[in-house]
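Written below as structure tokens is the structure these notes are about.
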Amino acid sequence: MKKILIAVLSLFLLAVFVAPVLAKGPSAPAGKSNKAHLYLYEKDPSTWEIVADGAWGKMTYDLSGPMFNYVFNGHSLMAEEEYTLIYYPDPWPGNSLQCLGSGMSNKGGELNLKGSVLTGDLPAIFDWNNPANLNNLTGTTIKGAKIWLVKSQDVSCDGLFSKMIGWMPEQYLFEESGIFFEGPDTDLVKTVELWTKDASWNPVSQNGTLTYITLWSTFQYIFDGKNLVPSTSYSLIYYADPWPGNNPGALIVSGMTDATGNIQLIGSIDTGSMPNALDANFGLGAKIWLVPSSDYDSTSHSMIGWNTANYLFEVSWVNYTKTP
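Residue numbers (mature numbering (1 follows the signal peptide of the UniProt record, and there is no 0)): -23 to -1, 1 to 301.
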């Protein structure tokens, strides 16, 4: 009888000590439900191997839905430190990364975060870790979105301009594997092309690219133009029909092309939602044009010239919703 009790006690103690290790388990969907689990680990930056008995965390999240819903629990972290959970798109520094939530660990190094974030599909199409991105064929990427827990001081959370601004990997948690999330049809970050057009409004040459956030408190954008008139002031405008485009329209930004006719415009401006309800194209989308500044009155938001050979026009609508 004594031997039986010892054997039972030994099995109980083995289960107690092994259970925490097995509790981490593999990252995977939870059966046939819409829930999945991702484990994050402290890793050795020189080898990217998981550090034995290091800090770790578990994120439970939805595989699909209008919002990215998650619950994250971190363990054995640095005590009383501010952390941010992020979706990190390659390459460095993770431009347009998404900050999912922030919080301070307690005195025991434990951290709990939960949230519901409009992310769009993960990974984003511009992410090198998206299998549809040609850069994914380089062999230096993974397949799926990278989820990291980083020190808050090392990341800038600013919408389209979000990125890593520090690097202390020994203090972070990194994904065990990439994840996939199917968001709503409306992507959070979109890119549209601007073209020159002929007299019949047929597109001729794609000389501009506008990337913007579709839902944000301000209109955040990055515009790249090429083959324009060198050393000339241009204005990126919201042209709201009918003529002269001030219904109400908006000047987004002005800037000077370089000596080769190239230009880059980056910024954030409160335009209100586009298209505006007064725009004749309301319900369809907003027209974004690049025109010489001399042909545009920035005060009245009106076109005052018409020299289309020097303009870039939309070939698809822009739809931006201002959020509180």
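C-beta: ideal position from N, C-alpha, C; glycine also. Model, not experiment: these values are computed from the prediction.
Please name the residue, chosen from the options, that lies closest to residue i on a Cα-to-Cα basis.
{"i": "residue 16", "options": "293, 201, 34, 69", "result": "34"}
{"i": "residue 266", "options": "239, 233, 169, 245", "result": "169"}
{"i": "residue 286", "options": "180, 80, 40", "result": "180"}
{"i": "residue 132", "options": "107, 59, 215", "result": "59"}
{"i": "residue 300", "options": "278, 248, 216", "result": "248"}
{"i": "residue 111", "options": "18, 142, 71, 67", "result": "67"}
{"i": "residue 177", "options": "25, 65, 290", "result": "290"}
{"i": "residue 154", "options": "65, 277, 283, 244", "result": "65"}
{"i": "residue 216", "options": "38, 280, 28, 134", "result": "280"}
{"i": "residue 224", "options": "209, 190, 257", "result": "257"}
{"i": "residue 36", "options": "98, 151, 296, 71", "result": "151"}
{"i": "residue 188", "options": "70, 295, 49, 62", "result": "295"}
{"i": "residue 137", "options": "261, 23, 246, 283", "result": "246"}
{"i": "residue 282", "options": "238, 222, 227, 236", "result": "222"}
{"i": "residue 94", "options": "71, 237, 226, 164", "result": "164"}
{"i": "residue 227", "options": "236, 263, 238", "result": "263"}
Count the other CB atoms, across all protein chains shown, that sit within 10 Å of the CB of residue i; report buried if there are 16 or more and exposed otherwise.
{"i": "residue 145", "result": "exposed"}
{"i": "residue 104", "result": "buried"}
{"i": "residue 139", "result": "buried"}
{"i": "residue 9", "result": "exposed"}
{"i": "residue 159", "result": "exposed"}
{"i": "residue 276", "result": "exposed"}
{"i": "residue 220", "result": "exposed"}
{"i": "residue 185", "result": "buried"}
{"i": "residue 118", "result": "buried"}
{"i": "residue 84", "result": "exposed"}
{"i": "residue 25", "result": "exposed"}
{"i": "residue 125", "result": "buried"}
From residue i to residue j, what does the alpha carbon distance come to, in whole angstroms?
{"i": "residue -5", "j": "residue 52", "result": "Model confidence at residue -5 stands at a pLDDT of 40, short of 50, so the residue's coordinates are unreliable and nothing is read from them."}
{"i": "residue 255", "j": "residue 273", "result": "20 angstroms"}
{"i": "residue 182", "j": "residue 20", "result": "48 angstroms"}
{"i": "residue 195", "j": "residue 75", "result": "16 angstroms"}
{"i": "residue 198", "j": "residue 213", "result": "11 angstroms"}
{"i": "residue 97", "j": "residue 229", "result": "25 angstroms"}
{"i": "residue 13", "j": "residue 100", "result": "16 angstroms"}
{"i": "residue 142", "j": "residue 208", "result": "33 angstroms"}
{"i": "residue -14", "j": "residue 30", "result": "A caution first: residue -14 carries a pLDDT of 42, below 50, which makes its placement in the model unreliable, though a value can still be read off. Roughly 23 angstroms separates the two Cα atoms."}
{"i": "residue 172", "j": "residue 244", "result": "21 angstroms"}
{"i": "residue 130", "j": "residue 18", "result": "20 angstroms"}
Suppose the cutoff is 6 angstroms on Cβ atoms and the five residues either side in sequence are ignored; what does the same chain contact list for residue i look like?
{"i": "residue 43", "result": "161"}
{"i": "residue 54", "result": "32, 82, 86, 88"}
{"i": "residue 298", "result": "192, 250"}
{"i": "residue 293", "result": "169"}
{"i": "residue 156", "result": "15, 121, 122"}
{"i": "residue 200", "result": "187, 213, 242"}
{"i": "residue 39", "result": "11, 46"}
Going by beta carbon distance, what residues of the same chain come within less than 7 angstroms of residue i, once the five residues before and after it are set aside?
{"i": "residue 92", "result": "47, 77, 78"}
{"i": "residue 148", "result": "55, 128"}
To which residues of the same chain is residue i closer than 8 angstroms at the C-beta, ignoring the five residues directly before and after it?
{"i": "residue 211", "result": "202, 205, 231, 232, 233, 234, 240, 267, 268, 269, 270"}
{"i": "residue 322", "result": "No information on residue 322 is available, as it lies outside the stretch -23 to 301 that the chain covers here."}
{"i": "residue 80", "result": "59, 60, 88, 89, 90"}
Can we count residue i as close to the ligand HEM, meaning its CB is less than 7 angstroms from some heavy atom?
{"i": "residue 240", "result": "The ligand HEM is absent from the structure shown, which contains no ligand whatsoever."}
To which residues does DSSP link residue i through a beta bridge?
{"i": "residue 52", "result": "33"}
{"i": "residue 223", "result": "217"}
{"i": "residue 76", "result": "63"}
{"i": "residue 302", "result": "No information on residue 302 is available, as it lies outside the stretch -23 to 301 that the chain covers here."}
{"i": "residue 197", "result": "245"}
{"i": "residue 132", "result": "141"}
{"i": "residue 148", "result": "Answer is none; residue 148 lacks a bridge partner."}
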